[in-house]
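Residue numbers (my numbering): 23 to 266.
We put the beta carbon where it would ideally sit given N, CA and C, even for glycine.
Okay, structure coming up:
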């Protein structure tokens, strides 16, 4: 029987105004020989989750990476896949994403159909997620791979309607994504509007480059913030930011 603890914990945190933080690791950017140091940095950080995935994932270390992390880190490991091939039963859960901001059927439903029979044979906790890409000042890897355009950062009404549609379709989570290496983070006013007009937990990621950016997203209502590129560039990101 599949465990269903990740979403329960996220719901509990939301109900009790406890903010969550995920560190996103891209397997294509990981050097396994240096992983022990990286895991130590994660353990010393305020992270509550580890997300693993990328837009491409061209190497073949996903299983090894997850097993190594779980040896020395007690945080839940959640897959953040860019493709149906990026599935590992060694993780604890998976964000089952539907890219609602785009109109490419492959990322709305096709990859999900391919993944469903595989996921049925795993013990992964399935977290259905309305994935909404927000314009961030330049083309991101998600845009290139999904062949979709983000929603304008000025069109808060459309983003809100998209998030509400995702909620009504049964998504357990809403994910506002500026994209890996984004020049601009998701607008704070947009976060506020989503939180005020939906009831499911909200994840926000992309373009957050410092600790103040994390705090701003929290204060605007984000339940879980994702840090990827900033941590990739500096594994001491949290020590530097918190102590400065």
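Residue i vs residue j beta-carbon contact at 7 Å
i, j, result
"residue 209", "residue 32", "no"
"residue 123", "residue 196", "no"
"residue 274", "residue 200", "No answer is possible for residue 274: it lies beyond the span of the chain, which begins at 23 and ends at 266."
"residue 248", "residue 239", "no"
"residue 154", "residue 198", "yes"
"residue 219", "residue 246", "no"
"residue 126", "residue 170", "yes"
"residue 137", "residue 106", "yes"
"residue 112", "residue 85", "yes"
"residue 158", "residue 204", "yes"
"residue 141", "residue 129", "no"
"residue 29", "residue 206", "no"
"residue 35", "residue 42", "yes"
In DSSP terms, what residue i is bridged to
i, result
"residue 197", "153 and 225"
"residue 252", "In the DSSP output, where bridge partners are listed per residue, residue 252 has none listed."
"residue 178", "Looking at the DSSP assignment, residue 178 forms no beta bridge with any residue, so it has no partner."
"residue 185", "In DSSP, residue 185 forms no bridge with anything."
"residue 99", "72"
"residue 44", "71 and 248"
"residue 173", "156"
Cβ-Cβ separation, residue j to residue i (assumed contact under 8 Å), whole Å
i, j, result
"residue 243", "residue 213", "5 Å"
"residue 110", "residue 88", "5 Å"
"residue 13", "residue 46", "Residue 13 falls outside the range modelled here, since the chain spans only 23 to 266, and no answer is possible."
"residue 189", "residue 232", "Not a contact, Cβ separation roughly 30 Å."
Contact the segment 43 to 53 vs the segment 73 to 90: 3+ CB pairs below 8 Å: yes
Minimum length 3: unbroken beta strand (DSSP E) runs contained in the segment 114 to 170: 115 to 121 and 147 to 155
Given 8 Å, three or more beta-carbon pairs between the segment 250 to 261 and the segment 58 to 72: yes
Given 8 Å, three or more beta-carbon pairs between the segment 52 to 66 and the segment 99 to 117: no
Uninterrupted beta strand (DSSP E) stretches inside the segment 59 to 84 (no shorter than 3 residues): 71 to 74
Touching by the beta-carbon criterion (3+ pairs, under 8 Å), the segment 144 to 162 and the segment 114 to 121: yes
Stretch-stretch touch, CB-based, cutoff 8 Å, three pairs: the segment 127 to 145 with the segment 177 to 185: no
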